[in-house]
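Residue numbers (the working numbering), protein chains in the order written: chain U, 195 to 413; chain S, 195 to 413.
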DNA sequence: TTGTTGATTTCGCAA
DNA sequence: TTGCGAAGTCAACAA
């Protein structure tokens with residue numbers, strides 16, 4: 195990895211056109227040839243960049259970074275304050291825990307939190323337009339399709355609505371009710387969902403994780 | 195901006211839990227206290243990070259980066275290969291051109307490309323559930339709602355469908371047809387749109403830009 | 001390779 | 001401040 199602190203201006207021409215006026219910035223050149231232009235603030239997102247695979251052509255006072263589809267990042271360098279290179283090696287990579295897939299696992303284990311006497315029919319219940327996260331039966335034995343999200347927006351309501359329309363056309367399954375379960379639910383999503391008779395449930399990840407999974411055997 | 199090349203392991207506990215095993219990486223500390231952990235490849239996204247506002251507490255062989263909501267990034271440092279700091283100053287920022295707003299401006303100027311004799315009623319035509327990108331009238335004087343996207347997915351079709359339902363309830367406007375105009379249209383979106391009688395139009399940004407805007411005065 | 005979906009999305013605008 | 005939609009979204013996974 196090469197780290198350059200330089201006074202530079204940057205022009206990108208590709209999927210859009212963008213320009214950065216002359217200023218001092220960090221230029222990061224990674225081992226795969228990708229280039230990142232970072233300012234001393236903002237978020238983790240660079241001001242501008244070129245993703246791999248790409249090629250860096252270094253000329254006097256100008257870098258050109260191009261990829262196969264003709265996108266180009268042109269960096270005009272006025273002055274270099276720092277320029278070092280470092281061997282980093284291949285990174286072993288990140289391990290994550292607590293994403294949407296885990297929410298689904300947890301809720302599948304604790305379907306009872308949605309209602310007394312509820313049972314899980316199956317996870318990833320297949321339909322013609324994609325799998326329903328959880329298919330359940332309530333205490334009365336009626337079908338319930340559960341859509342799980344970390345953050346539920348209007349899209350989630352539309353998605354669940356499409357599933358419900360399809361499922362309710364099947365005389366063997368109908369009637370099927372809907373539940374939108376998420377760690378947070380956007381107000382507009384809640385309004386639309388309730389307008390369509392879809393129940394909204396806010397999930398607490400830590401609470402779900404805290405319930406002993408042997409609970410299901412108690413009933 | 196401080197740049198540190200170090201052999202380190204990283205643990206993040208916050209909205210999720212994540213772990214990085216010991217390896218050599220770049221640690222970038224920005225002026226606002228935010229910290230980025232970069233590997234020598236991948237994309238512009240760091241392996242892990244803490245967004246501002248946050249605070250860095252530096253101990254012997256361990257950094258703790260915390261924010262107000264209790265999220266924490268803990269970096270255990272085994273060896274430091276490089277450690278420099280640089281004054282960058284405030285960045286003047288990025289200027290972009292060619293985003294969705296520009297597509298809307300261009301198409302509003304060249305509504306005729308959608309059909310001979312078409313007229314623009316107004317941009318951002320207001321409805322109870324949000325503004326329609328372009329409201330037009332075709333050669334026969336019938337209303338057409340146009341939804342503009344850079345990339346049209348199924349969401350865009352659903353959005354336009356909601357508008358059309360609403361608009362067609364208004365006896366002063368009905369009947370209103372729908373057009374989905376985008377630089378690219380996902381196959382499933384096209385299928386769903388055409389199934390609902392919504393016309394799909396692929397836009398060419400450069401072509402639209404190339405048409406003299408005085409064209410409208412020719413008719 | 002292509003398409004679809006989730007994301008510690010980030011970012012910008014507007015109410 | 002909050003909410004919502006766009007993004008050069010990116011990235012992982014399935015078909």
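Even for Gly, the Cβ is constructed at its ideal location relative to N, Cα and C.
On a predicted model such as this, the values are computed, not experimentally measured, just so you know.
- Residues from the region 284-317 of chain U in contact with chain S, defined by Cβ distance under 9 Å: Listed in sequence order: 284, 285, 286, 287, 288, 289, 290, 291, 292, 293, 296.
- Message: By the three-class DSSP mapping on this structure, what secondary structure does residue 323 (chain U) have?
- Response: Numbered from its first residue, the first chain carries residue 323 (chain U) at position 129. DSSP places residue 323 (chain U) in coil when its eight states are reduced to three.
- Task: Verify the CB distance criterion: does residue 270 (chain S) have a CB-CB separation below 8 Å to chain U?
- Result: In the second chain, residue 270 (chain S) corresponds to position 76, counting from 1. Using a CB distance cut-off of 8 Å, residue 270 (chain S) does not count as an interface residue toward chain U.
- Item | Nearest residue (CA-CA) to residue 314 (chain S), options S:232, S:342, S:198, S:338 | One-based indexing of the second chain puts residue 314 (chain S) at position 120. Relative to residue 314 (chain S), the option among S:232, S:342, S:198, S:338 whose CA is nearest is S:338.
- Message: Is residue 195 (chain S) close to chain U? Criterion is C-beta to C-beta, closer than 8 Å.
- Response: Here residue 195 (chain S) refers to the residue found at position 1 when the second chain is read from its first residue. Interface residue, yes.
- Should residue 239 (chain S) be labelled buried (16 or more other beta-carbon atoms within 10 Å of its own) or exposed? Along the second chain, one-based indexing puts residue 239 (chain S) at 45. So residue 239 (chain S) ends up on the exposed side.
- Residue burial classification, residue 336 (chain U) (beta-carbon count within 10 angstroms, cutoff 16): Within the first chain, numbered from 1, the residue matching residue 336 (chain U) stands at position 142. Here residue 336 (chain U) is exposed. Its C-beta has fewer than 16 other C-beta atoms within 10 Å.
- Task: Jot down the residue ranges of each uninterrupted beta strand (DSSP E) in the region 274-355 of chain S, minimum 3 residues, whole runs only, in chain order.
- Result: Whole beta strand (DSSP E) segments, 3+ residues: 289-291, 313-319, 326-331, 337-346.
- Return the first residue and the last residue of the beta strand (DSSP E) that residue 381 (chain S) is part of. Numbered from its first residue, the second chain carries residue 381 (chain S) at position 187. First-last for residue 381 (chain S): 381-389, but that is the alpha helix (DSSP H), not the beta strand (DSSP E).
- Please indicate yes or no: does the CB of residue 231 (chain U) lie closer than 7 Å to some heavy atom of the ligand PLP? As far as ligands go, the structure on display features none, and thus does not contain the ligand PLP.
- Message: Counting only C-beta atoms, is residue 362 (chain U) closer than 8 Å to chain S at any point?
- Response: For the purposes of this step, residue 362 (chain U) is identified with residue 168 of the first chain, where counting begins at 1. Contacts with chain S at 8 Å (Cβ-Cβ) do not include residue 362 (chain U).
- With residue 403 (chain S) as the anchor, note down where its alpha helix (DSSP H) starts and where it stops. Position 209 of the second chain holds residue 403 (chain S). Run containing residue 403 (chain S): 399-404, per the alpha helix (DSSP H) assignment.
- CB-CB under 6 Å to residue 201 (chain U), same chain, minus the five flanking residues each way: which ones, in chain order? Position 7 of the first chain, counting from 1, holds the residue named residue 201 (chain U). If we look at residue 201 (chain U) and ignore the five residues flanking it on each side, its Cβ neighbours are 218, 272, 273.
- Message: On the CB-based measure, 16 or more other CB atoms within 10 Å of its CB, does residue 290 (chain U) come out buried or exposed?
- Response: As a first step, residue 290 (chain U) must be located in the first chain, where it is residue number 96. Result: exposed.
- Contacts of residue 214 (chain S) in chain U (Cβ-Cβ under 7 Å): Taking the first residue of the second chain as 1, we reach residue 214 (chain S) at position 20. Result: 288.
- Task: Please confirm if residue 237 (chain U) has its CB atom under 8 Å from at least one CB of chain S.
- Result: For the purposes of this step, residue 237 (chain U) is identified with residue 43 of the first chain, where counting begins at 1. Answer yes: the Cβ-Cβ gap between residue 237 (chain U) and chain S drops below 8 Å somewhere.
- Item | Spatial neighbours of residue 368 (chain U) in its chain, beta-carbon cut-off 8 Å, leaving aside the 5 residues before and after | Along the first chain, one-based indexing puts residue 368 (chain U) at 174. Excluding positions up to five away in sequence, the list reads 337, 361, 362.
- Message: Give me the residue from S:243, S:197, S:220, S:233 with the minimum Cα distance to residue 206 (chain S).
- Response: As a first step, residue 206 (chain S) must be located in the second chain, where it is residue number 12. Answer by Cα proximity: S:243.
- Is the shortest distance between the beta-carbon of residue 385 (chain S) and the beta-carbons of chain U less than 8 Å? Taking the second chain and counting its residues from 1, one reaches residue 385 (chain S) at position 191. Chain U has no Cβ within less than 8 Å of the Cβ of residue 385 (chain S).
- Task: Look up residue 357 (chain S) in the DSSP assignment and say whether it is helix, strand or coil.
- Result: Here residue 357 (chain S) refers to the residue found at position 163 when the second chain is read from its first residue. Per DSSP, reduced to three states, the secondary structure at residue 357 (chain S) is helical.
- Task: Spatial neighbours of residue 210 (chain U) within its chain, please: CB distance less than 6 Å, with the 5 preceding and 5 following residues excluded, ordered by chain position.
- Result: Along the first chain, one-based indexing puts residue 210 (chain U) at 16. Cβ within range, chain order: n/a, list empty.
- Query: Going along the region 244-267 of chain S in order, which residues come within less than 7 Å of chain U, judged by CB to CB distance?
  - Reply: Within the region 244-267 of chain S, the qualifying residues are 245.
- Query: Is the region 369-376 of chain U touching the region 338-355 of chain U, taking contact as three or more C-beta pairs under 8 Å?
  - Reply: Touching, per the Cβ criterion.
- Query: From residue 195 (chain S) to residue 257 (chain S), what distance separates their C-alpha atoms?
  - Reply: Your numbering for residue 195 (chain S) matches position 1 in the second chain. Your numbering for residue 257 (chain S) matches position 63 in the second chain. Those two C-alpha atoms are separated by around 16 Å.
- Got a sec: is the Cβ-Cβ distance from residue 343 (chain S) to anything in chain U below 8 Å? Within the second chain, the letter at position 149 stands for residue 343 (chain S). Residue 343 (chain S) does not count as touching chain U.
- Message: Strictly below 9 Å CB to CB, what residues from chain U border residue 279 (chain S)?
- Response: To locate residue 279 (chain S), count along the second chain from 1; it is residue 85. Simply none; closest approach about 10 Å.
- Message: Classify residue 326 (chain U): buried if its beta carbon has 16 or more other beta carbons within 10 angstroms, exposed otherwise.
- Response: For this step, residue 326 (chain U) is matched to residue 132 along the first chain. Classified as buried, residue 326 (chain U) has 16 or more neighbouring CB atoms from the shown chains inside 10 Å of its CB.
- Message: Taking its Cβ as the centre, do 16 or more other Cβ atoms sit within 10 Å of residue 387 (chain S), making it buried, or is it exposed?
- Response: Looking up residue 387 (chain S) in the second chain gives position 193. Burial call: buried.
- Task: Would you mind sorting residue 228 (chain U) into buried or exposed? The rule is 16 or more other CB atoms within 10 Å of its CB.
- Result: Residue mapping note: residue 228 (chain U) aligns to position 34 of the first chain, counting from 1. So residue 228 (chain U) ends up on the buried side.
- Query: Starting from residue 366 (chain U) and walking both ways along the beta strand (DSSP E), at which residues does that stretch end?
  - Reply: Looking up residue 366 (chain U) in the first chain gives position 172. Counting along the chain, residue 366 (chain U) falls outside any beta strand (DSSP E), and DSSP gives it neither H nor E.
- Query: Taking the runs of the alpha helix (DSSP H) that are 4 residues or longer, which of them lie wholly in the region 204-234 of chain U?
  - Reply: List check, alpha helix (DSSP H) in window: nothing returned.
- Message: Classify residue 277 (chain U): buried if its beta carbon has 16 or more other beta carbons within 10 angstroms, exposed otherwise.
- Response: Counting from 1 along the first chain, the entry for residue 277 (chain U) is found at position 83. That one is exposed.
- Looking at the unbroken beta strand (DSSP E) that takes in residue 393 (chain U), where does it start and where does it end? In the first chain, residue 393 (chain U) corresponds to position 199, counting from 1. For residue 393 (chain U), the enclosing beta strand (DSSP E) stretches over residues 393-396.
- Message: Classify residue 353 (chain U): buried if its beta carbon has 16 or more other beta carbons within 10 angstroms, exposed otherwise.
- Response: The residue you call residue 353 (chain U) lines up with position 159 of the first chain. Under this definition residue 353 (chain U) is a buried residue.
- Item | Closer than 8 Å to chain S by CB, residue 410 (chain U) | Numbered from 1 along the first chain, position 216 holds the residue referred to as residue 410 (chain U). Its pLDDT being 42, under 50, residue 410 (chain U) is placed unreliably by the model, and nothing is read from it.
- Item | Buried or exposed by the 16-neighbour rule on C-beta atoms within 10 Å, applied to residue 204 (chain U) | Looking up residue 204 (chain U) in the first chain gives position 10. Classification for residue 204 (chain U): buried.
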